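A short write-up of the structure that comes next.
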Amino acid sequence: MKPKAKIRLGDLLVQQHIINEEQLMQALAAQKESGRKLGFMLIELGLVTENQLLTFLSQHLNVPLVDISQYDVSLAAVNMLPEVQARRHRALVLEDKGDRLLVAMSDPADLAGIDVLSRLLPKPIDVAVVSDAQLVQAYDNLYRRTDEIASFAQELAEEYQDVAEFDFNAGVGDDQDTAVARLLQSIFEDAVQAKASDIHIEPDESMLRIRMRVDGVLQENVIKEKNIASALVLRLKLMSGLDISEKRLPQDGRTSMRIKGHSIDVRVSTMPIQAGESVVMRLLDQSAGLLTLEQTGMPNNLLTRFRSLLHRPHGMILVTGPTGSGKTTTLYGALSELNTAASKIITVEDPVEYRLPRINQVQTNNKIGLTFSNILRTTLRQDPDIIMVGEMRDQETAEIGLRGALTGHLVLSTLHTNDAISSAVRLLDMGAPGYLVASSLRAMVAQRLVRKICKNCSEDYRLNTEELLWLNNLDDNLKAINFKRGRGCQSCNKTGYKGRIGVFELLEMTESMMNALKLNDTITFSQAAHKSPGFVPLAKVALMYAKMGITTVDEVLKLIEMVADERAITQPVSTETIEQELAQVVEEHNTNETSSDETPKASGFSLELEPQNPLPGGDGGTV
Numbered sequence: 001m002k003p004k005a006k007i008r009l010g011d012l013l014v015q016q017h018i019i020n021e022e023q024l025m026q027a028l029a030a031q032k033e034s035g036r037k038l039g040f041m042l043i044e045l046g047l048v049t050e051n052q053l054l055t056f057l058s059q060h061l062n063v064p065l066v067d068i069s070q071y072d073v074s075l076a077a078v079n080m081l082p083e084v085q086a087r088r089h090r091a092l093v094l095e096d097k098g099d100r101l102l103v104a105m106s107d108p109a110d111l112a113g114i115d116v117l118s119r120l121l122p123k124p125i126d127v128a129v130v131s132d133a134q135l136v137q138a139y140d141n142l143y144r145r146t147d148e149i150a151s152f153a154q155e156l157a158e159e160y161q162d163v164a165e166f167d168f169n170a171g172v173g174d175d176q177d178t179a180v181a182r183l184l185q186s187i188f189e190d191a192v193q194a195k196a197s198d199i200h201i202e203p204d205e206s207m208l209r210i211r212m213r214v215d216g217v218l219q220e221n222v223i224k225e226k227n228i229a230s231a232l233v234l235r236l237k238l239m240s241g242l243d244i245s246e247k248r249l250p251q252d253g254r255t256s257m258r259i260k261g262h263s264i265d266v267r268v269s270t271m272p273i274q275a276g277e278s279v280v281m282r283l284l285d286q287s288a289g290l291l292t293l294e295q296t297g298m299p300n301n302l303l304t305r306f307r308s309l310l311h312r313p314h315g316m317i318l319v320t321g322p323t324g325s326g327k328t329t330t331l332y333g334a335l336s337e338l339n340t341a342a343s344k345i346i347t348v349e350d351p352v353e354y355r356l357p358r359i360n361q362v363q364t365n366n367k368i369g370l371t372f373s374n375i376l377r378t379t380l381r382q383d384p385d386i387i388m389v390g391e392m393r394d395q396e397t398a399e400i401g402l403r404g405a406l407t408g409h410l411v412l413s414t415l416h417t418n419d420a421i422s423s424a425v426r427l428l429d430m431g432a433p434g435y436l437v438a439s440s441l442r443a444m445v446a447q448r449l450v451r452k453i454c455k456n457c458s459e460d461y462r463l464n465t466e467e468l469l470w471l472n473n474l475d476d477n478l479k480a481i482n483f484k485r486g487r488g489c490q491s492c493n494k495t496g497y498k499g500r501i502g503v504f505e506l507l508e509m510t511e512s513m514m515n516a517l518k519l520n521d522t523i524t525f526s527q528a529a530h531k532s533p534g535f536v537p538l539a540k541v542a543l544m545y546a547k548m549g550i551t552t553v554d555e556v557l558k559l560i561e562m563v564a565d566e567r568a569i570t571q572p573v574s575t576e577t578i579e580q581e582l583a584q585v586v587e588e589h590n591t592n593e594t595s596s597d598e599t600p601k602a603s604g605f606s607l608e609l610e611p612q613n614p615l616p617g618g619d620g621g622t623v
């Protein structure tokens, strides 16, 4: 259903006493200066709320107001309109009603856009109004490139029936028209759009699997054209400077590209498997910039203590956790804060993930003897103030790092341990002398990333008997609490989760802990650590997030299973202050999450079909 013509939004809003003439002129002047649409400027200036404007349009144009997050969107209907046209006209086909299509638009009075959509779509359309921010989010969730990837894969398989005939030097440089280049471009675009951290290309006996890790969980796309695997792998090797003739040994490389406005660094790792070669690519979004310590999600009480430790002149601080827990992000956030003209900072990494100005970053190369220990030994002769070691991997590296911390340097590093308490014990197990660990180690931070419940499909959940038994050690008063879980919707790709948040524990060394380490008494050390003031175990913090409705009980249980030392979750700790801190972290995290380069703060409406003044209007964010 088309809205009536000759509608001027400003006049209507003034007639309904939603704004006055002076406010209208203010918005028109701002529109003239910015070139944006009047509706957007009214919201931007705070003269109306987005909900007010959407409701007003729905009533006066006699079109329904739709909440996409609560709508069961048909993917078949969505794909009737190409993504480029959908973004250009800020429209989305929601449903095929048989003889008509329901199309949601952020600007339902855009007659020119409606005319274009009517020509592009195979059936007559009915218009609904929707938030522009919801539309942008829906594009990323719904316009995945699964069909496009499958189409390019089929094209590649048909073009190169015999992979041996493929000219792997073709398509390098300016030739972006080859089938393999288009397929890889589509895969990378899909990964960036889904905010994937890794891409896995895995050939099998009868198919090719392309998997992407989103929020820590792999999502699989199966391609039946298994014979294209070699073409993909060799193209990736060429891009990352690897030896295309070597298929028997693993190789590591790196490349960079620009995808959908994002500058992406790609770390490439190949490995021979039974059915060919597996490739895993870690995607690092350089255009997103480094996170600050506040943006890591660390609560204020921990952040204050952590900052105090960072500004001490010497000592070692360890950040621990499994692969993918955000350790490197935390360390880079710390380095960004410490990076001043007055400090000499040297890092030893494998590999260097983000390039930082003023910081001397060294990448290890075991083939030529450039190991962690060798570089670290040389680093101490370079007059550094701060040293960051990518990982404490062996006794020699640990001892050199500890001695560097003892001789007046601040040393930051990581360890793969389950919790903070295990970190000091791991150093002893690696062969580091107890007296050296006790004298040099200042604090340990353990962290995990847990998935957040999707806000759009969150619902109440009560614990079952088994879950109560598991969580009884953490809190014996959980029966009456209403927990939350996500039932799965379009917004979260039917997973029930959207985004992740950090869970942290911080353990500072005390005199009793140092005395225990000097004697290599790990039991006494663990007991003293549990009694350390301000120490709150990871599992208890995660449970607080679950009680606040931020994450699910399943995520808490997964974290508990990863933390081997059950004694770390049985100590009673006062939670009132911590819950207030976590609530603040969640609020700040959600605020940061909703702001992005592409997502506007409010809807972009033109809404003046008959111009009141010859003022320029925007196109609502044409992509």
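Just so we're aligned, residue 1 is where the sequence shown starts under the numbering used here, counting upward by one. Each residue gets a CB set at the ideal place from its N, CA and C atoms; glycine is no exception. Please read all numbers here as calculations on a predicted model, not as lab measurements.
### Message
If you follow the beta strand (DSSP E) that residue 452 is in, where does it begin and where does it stop?
### Response
441 to 453
- Report the rounded CA-to-CA distance for residue 252 versus residue 494, giving the unit in angstroms. 34 Å
* Straight-line CA distance for residue 139 to residue 106? -> 13 Å
Notebook entry, point to check: Of the choices 56, 212 and 208, whose alpha-carbon is the least far from that of residue 222?
Noted result: 208
Where residue 244 falls: helix, strand or coil (DSSP) = coil
### Message
Let's test the definition: count the other Cβ atoms within 10 Å of the Cβ of residue 513 and tell me whether it reaches 16, buried, or not, exposed.
### Response
buried
In its own chain, which residues sit with a C-beta less than 6 Å from the C-beta of residue 456, not counting the 5 before and 5 after it? 69, 489 and 491
### Task
Give me the Cα-Cα distance between residue 598 and residue 260, rounded to the nearest whole angstrom.
For residue 598, the predicted model reports a pLDDT of 46, less than 50, meaning its position is unreliable and no value from the coordinates is stated.
Query - Candidates 190, 485 and 477, of which the one nearest residue 458 by Cα - result: 485
Which complete alpha helix (DSSP H) runs does the stretch 79 to 146 hold, if anything under 4 residues is left out?
83 to 88, 111 to 120 and 132 to 142
Looking at C-beta atoms only, is the number of pairs between the stretch 322 to 341 and the stretch 282 to 298 that lie closer than 8 Å three or more?
yes
(Q) Suppose the cutoff is 8 Å on Cβ atoms and the five residues either side in sequence are ignored; what does the same chain contact list for residue 409 look like? (A) 314, 380, 384, 385, 386 and 387
- Query: Could you give the distance in angstroms between the alpha-carbon of residue 428 and the alpha-carbon of residue 190?
  - Reply: 45 Å
Going by the CB atoms, is the gap between residue 235 and residue 319 shorter than 8 Å?
-> no
Start and end of the alpha helix (DSSP H) containing residue 545?
-> 538 to 547
Report task. Give the range of the alpha helix (DSSP H) segment to which residue 190 is assigned. Result -> 179 to 193
| task | Kindly indicate which three-state DSSP category residue 624 falls into: helix, strand or coil? | result | This structure does not reach residue 624, given that the chain is present from 1 up to 623, and the question cannot be answered.
Less than 7 Å between C-beta atoms, sequence neighbours within five positions excluded: which residues of the same chain meet that for residue 396? 373
- Query: With distances taken between CB atoms, is the gap from residue 550 to residue 501 smaller than 8 Å?
  - Reply: yes
*Distance, Cα to Cα, residue 265 vs residue 343?*
28 Å
Which residues bound the beta strand (DSSP E) around residue 485? 483 to 486
Open item on the list: To the nearest angstrom, how far is the alpha carbon of residue 511 from that of residue 505?
Closed with: 19 Å
| said: Let's see if you can read the secondary structure: which residues bound the beta strand (DSSP E) around residue 41? | reply: Note, residue 41: premise wrong, no beta strand (DSSP E); alpha helix (DSSP H) at 38 to 44.
inquiry  = With the cut-off set at 8 Å, would you say residue 503 and residue 536 are in Cβ contact?
reply    = no
Quiz item: Which class does residue 237 belong to by DSSP, given the choice of helix, strand or coil?
Solution: helix
Nearest candidate by alpha-carbon position, reference residue 347, set 326, 282 and 371 = 371
_I'd like the list of long-range same chain contacts for residue 284, defined as Cβ closer than 8 Å, with 5 residues on each side in sequence excluded._
264, 265, 266, 267, 353 and 354
*asked:* For residue 519 and residue 421, I'd like the C-alpha separation in whole angstroms.
replied: 16 Å
I need the DSSP call for residue 361, collapsed to helix, strand or coil. strand
Beta-carbon separation of residue 448 and residue 325 under 8 Å? yes
Locate the beta strand (DSSP E) running through residue 214, then write down its first and last residues.
208 to 214
| said: I'd like to check one pair, residue 337 with residue 310: are the Cβ atoms closer than 8 Å? | reply: yes
Buried or exposed, going by whether 16 or more other CB atoms sit within 10 Å of the CB of residue 271? exposed
Practice problem: Could you check the C-alpha separation between residue 256 and residue 262 for me, to the nearest Å? | Solution: 10 Å
Next item on the list: Grab me the residues of residue 120's own chain with a C-beta within less than 7 Å of its C-beta, minus the 5 sequence neighbours each way, in chain order.
Entry: 81 and 85
Quiz item: Which value, in whole angstroms, describes the spacing of the CA atoms of residue 327 and residue 437?
Solution: 21 Å
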